[in-house]
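Going by this note's numbering, the first residue of the sequence shown is number 11, and it counts up by one from there. All residues carry an ideal CB built from backbone N, CA and C; glycine is no exception. Quantities reported herein were computed from a predicted structural model and do not represent experimental measurements.
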Amino acid sequence: MKVWQFSEQAYHPAFSQPGAMRVTLPQNLCDPAEAGQLLNRYLDEYLLADELGLNIMVNEHHAAATCMSTSCMTTLAILARQTSKARLLALGIPLANRSNPLRVAEEIAMVDCLSGGRLEVGLVKGAAYELFMSNRQPTGFMDRFWEAHDLILDALGNEGDNFAWEGEHFHYRTASLWPRPIQQPRPPMWGTASSASSAREYGRRDYTCATFLSGAVARSVFAGYREAYAQTHGRAAPQDKLAYLALVACADDTATAFRRAEAMKSYFTTAARLDPQFRNPWGFNPVEANVRMLQAGPSAMRPRMRNGDPLPVDGTIEQYMDAGLFFVGTPDEVYAQLARFHGETGGFGNLLMMGQAGDLSHADTADNLTLMAREVAPRLAELPELPIEVRYEAVG
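Shown next, in the form of structure tokens:
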């Protein structure tokens, strides 16, 4: 199993403000000097991850105190120049909100060249609330996504003459990518999924599929991926094609680990602070999906603990651990928790570790990463591929 360090790069001083943390939070609550200090601090932590032998993941969001990373590729361009070993993952680039997908392809190629061919790329749907900042229509959202996706892949892998693109949503008289990416025909591609049905598309495409904070649902997500992968490619899906994202708080003693977890817990409480009109704009989800959500009720959207109960909104650290969203403890304890979860989900080859979240300090983050890199990651790397019958027993 590979381990990737990830941080949302939050502006945590705003967390004490009342109301929503996204879209409507006034920008005058941001002290730009303090934001700059935090952003440089987060970059330092990514550089430490590289020194420790961990890989790096970056995301992006917009109009949000919970995430100051407004461009995956801007952050990764910096890290491509300053790191030397880590694979650099953008997960992801919200395509359907972009008006110029060819520009996205150019940025991908440039960062791949800067990094010496260490870039990996996730092209994602994007958050519903971000449609309001991009002024994009919710209807036709996925059609725009897949057209932009296909255009980017064509541009990255083109080895011939310049080409024209005349699609439903995007039009280019000539497409010419300078520079071309080092990795051909393109850098490794990723996608994100929260259900078996959404994972199947990535299995068919041979992408790495990641699921975020899904707990027990990860098993069915991975099962859907494995099923589609085997049907399309005629072989079992390798574990390194699957990834799971969770928060990790590791320390020399359990009490310190729980103290760190409490500092990180504000990630969960602030992420939910969004005004209701921005959560699900009409047309963003298919009608059938909206009907299912309304019939199931709000609690159905919550992660489940082992006893089947929904995770409380104000859950304890122990309850977040029970639901598979948080791994907390000494290196031995964190390894045991991850190994157990690995087995319960049928196995996965990438841990996307939020080693920094909320207002966890730099010193605590650095120690967290160091312990994970030196005492946990080497053991995770030795986890064997589970037998095929174990990997596939959840399919169907």
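Three-state class that DSSP yields for residue i in the structure shown
{"i": "residue 406", "result": "Caution applies to residue 406, whose pLDDT of 45 falls short of 50 and renders its modelled position unreliable; the model cannot decide the point."}
{"i": "residue 181", "result": "strand"}
{"i": "residue 358", "result": "coil"}
{"i": "residue 213", "result": "helix"}
{"i": "residue 314", "result": "strand"}
{"i": "residue 100", "result": "strand"}
{"i": "residue 320", "result": "strand"}
{"i": "residue 325", "result": "coil"}
{"i": "residue 93", "result": "coil"}
{"i": "residue 385", "result": "helix"}
{"i": "residue 371", "result": "coil"}
{"i": "residue 40", "result": "coil"}
{"i": "residue 397", "result": "coil"}
{"i": "residue 351", "result": "helix"}
{"i": "residue 294", "result": "coil"}
{"i": "residue 188", "result": "coil"}
{"i": "residue 49", "result": "helix"}
{"i": "residue 168", "result": "coil"}
{"i": "residue 146", "result": "coil"}
{"i": "residue 234", "result": "helix"}
Residue environment, residue i, which counts as buried when at least 16 other CB atoms sit within 10 Å
{"i": "residue 355", "result": "buried"}
{"i": "residue 95", "result": "exposed"}
{"i": "residue 264", "result": "exposed"}
{"i": "residue 304", "result": "exposed"}
{"i": "residue 302", "result": "exposed"}
{"i": "residue 406", "result": "Any reading at residue 406 needs caution, since the residue's pLDDT is 45, under 50, leaving its predicted position unreliable; the model's value is listed next. With fewer than 16 Cβ atoms within 10 Å of its Cβ, residue 406 is classed as exposed."}
{"i": "residue 308", "result": "exposed"}
{"i": "residue 374", "result": "buried"}
{"i": "residue 183", "result": "exposed"}
{"i": "residue 317", "result": "exposed"}
{"i": "residue 230", "result": "buried"}
{"i": "residue 332", "result": "buried"}
{"i": "residue 282", "result": "exposed"}
Strand pairing of residue i, partner residues [DSSP]
{"i": "residue 65", "result": "14"}
{"i": "residue 254", "result": "221, 361"}
{"i": "residue 200", "result": "132, 218"}
{"i": "residue 336", "result": "257"}
{"i": "residue 176", "result": "181"}
{"i": "residue 74", "result": "32"}
Residue i beta carbon near the ligand PLP (any heavy atom closer than 7 angstroms)
{"i": "residue 249", "result": "Among the components of this structure there are no ligands whatsoever, and the ligand PLP is therefore not found."}
Cβ-Cβ separation, residue j to residue i (assumed contact under 8 angstroms), whole Å
{"i": "residue 367", "j": "residue 44", "result": "Not quite, the Cβ-Cβ distance comes to about 18 angstroms (not below 8 angstroms), so this is no contact."}
{"i": "residue 294", "j": "residue 33", "result": "14 angstroms between Cβ atoms; not a contact."}
{"i": "residue 270", "j": "residue 259", "result": "4 angstroms"}
{"i": "residue 162", "j": "residue 206", "result": "Contact doesn't hold; Cβ gap of about 26 angstroms is too wide."}
{"i": "residue 216", "j": "residue 359", "result": "Wrong, their Cβ atoms sit about 14 angstroms apart, outside the cutoff."}
{"i": "residue 363", "j": "residue 147", "result": "Their Cβ separation, rounded to whole angstroms, is 36 angstroms, which puts residue 363 and residue 147 out of contact at 8 angstroms."}
{"i": "residue 158", "j": "residue 106", "result": "7 angstroms"}
- Do the region 168 to 175 and the region 92 to 103 touch if we need at least three Cβ pairs shorter than 8 angstroms? Taking 8 angstroms as the limit for Cβ pairs, the verdict is that the region 92 to 103 does not touch the region 168 to 175.
Margin query: Below 8 angstroms, how does it come out for the region 195 to 215 and the region 309 to 325: are there three or more Cβ pairs, yes or no?
Written below: With contact defined as three or more Cβ pairs closer than 8 angstroms, the region 195 to 215 and the region 309 to 325 are not in contact.
Inter-stretch contact (C-beta, 8 angstroms, three-pair minimum) for the region 288 to 306 and the region 383 to 393: no
- Could you say if the region 234 to 246 and the region 332 to 343 meet the contact criterion of at least three C-beta pairs nearer than 8 angstroms? No: fewer than three Cβ pairs fall under 8 angstroms.
Check your understanding: Three or more C-beta pairs closer than 8 angstroms, one from the region 118 to 125 and one from the region 184 to 195: is that the case here?
Key -> yes
Inset, instruction - Determine contact between the region 25 to 36 and the region 51 to 68, defined as no fewer than three beta-carbon pairs at a distance below 8 angstroms. - result: The region 25 to 36, when compared against the region 51 to 68, does not touch it at the 8 angstroms Cβ threshold.
- Message: So, does the region 219 to 230 touch the region 241 to 261, judging by three or more C-beta pairs under 8 angstroms?
- Response: yes
Report yes or no: do the region 278 to 285 and the region 377 to 392 share at least 3 C-beta pairs separated by less than 8 angstroms?
With a cut-off of 8 angstroms, the region 377 to 392 and the region 278 to 285 do not count as touching, because too few Cβ pairs lie within range.
Check your understanding: Any chance the region 66 to 76 sits against the region 137 to 144, with 3 or more Cβ pairs inside 8 angstroms?
Key -> yes
Pairing CB atoms from the region 32 to 50 with CB atoms from the region 371 to 384, are three or more of them under 8 angstroms? no
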